[in-house]
Amino acid sequence: MLRRAASFLLLAWLAGFLWFAIALPQPHDGGKSDAAVVFTGGEGRIARGLEVLEKGWAKKLLVSGVDREVRPAEFVAEYAVPSRTMDCCVELGFESYDTRSNAAEAARWLAQGKFRSLRLITTDWHMRRAAFELTRMIPDDVTVIRDAVHSEPSLRILFLEYHKLLASHVSRIWDN
492 MLRRAASFLL
502 LAWLAGFLWF
512 AIALPQPHDG
522 GKSDAAVVFT
532 GGEGRIARGL
542 EVLEKGWAKK
552 LLVSGVDREV
562 RPAEFVAEYA
572 VPSRTMDCCV
582 ELGFESYDTR
592 SNAAEAARWL
602 AQGKFRSLRL
612 ITTDWHMRRA
622 AFELTRMIPD
632 DVTVIRDAVH
642 SEPSLRILFL
652 EYHKLLASHV
662 SRIWDN
């Protein structure tokens, strides 16, 4: 009986990991939202957020998890952000340091702006956990568009992120 249960758990884990690794979330071109948030930490995320603004798919952008040492002028120079765009539409968030705190920072910003729809921008391998953490902290009636930035993750990154996602789900179960 114990061996069957262990075999079942192993097969469920393996099937979940295969699904996680093979069916990575995709970019979401088009569609409009009130705002967009970028969870920093991976290549191409900020560029995608700025592209979303430029194309008019969102009106405001929060870049969550910016290093406290970075100044707005440095950000503008690094990403060639027009000052008009920076002044009206981009906010740098310095409070967060991990995915859960990114979600908390984004949830506060979302509530302050009274936004009803949000485009979440992060790397494909990170999207499921980022969206899970974010949706735990925002009202159910807020629409979230998942806009994944394509990457070529290593097996190591996929393995670690899959286990972080599982841990997030277990944590939620224990919190309830």
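The number in the working numbering is simply the position in the sequence shown, starting from 1, with 491 added. Note that beta-carbon positions come from the ideal geometry of N, C-alpha and C, so glycine has one too. Every value quoted in this text rests on a predicted model; they were computed, and no experiment measured them.
Residue environment analysis places Tyr653 among the buried positions, since at least 16 neighbouring C-beta atoms fall within 10 angstroms of its C-beta. In this structure, Ala594 places its C-beta atom within 9 Å of the C-beta atom of Arg627. The criterion of a C-beta distance shorter than 9 Å is satisfied by Gly532 and Gly556. For Arg637, the uninterrupted beta strand (DSSP E) segment begins and ends at 634–640. Taken atom to atom, the span from the alpha-carbon of Arg610 to that of Asp558 is near 22 Å.
Rounded to the nearest angstrom, the Cβ distance from Pro644 to Trp616 is 4 Å, consistent with a contact under 8 Å. If you look at Ala497, you'll find it isn't in any beta strand (DSSP E); it sits in the alpha helix (DSSP H) that goes 493–513. Per DSSP, Phe530 is one residue of the beta strand (DSSP E) stretching across 524–530. Around the CB of Trp510, fewer than 16 other CB atoms lie within 10 Å, so the residue is classed as exposed.
By the CB criterion at 9 Å, Phe566 and Leu583 fall inside the cutoff.
Ser645 carries a coil assignment under DSSP once its states are collapsed to helix, strand and coil.
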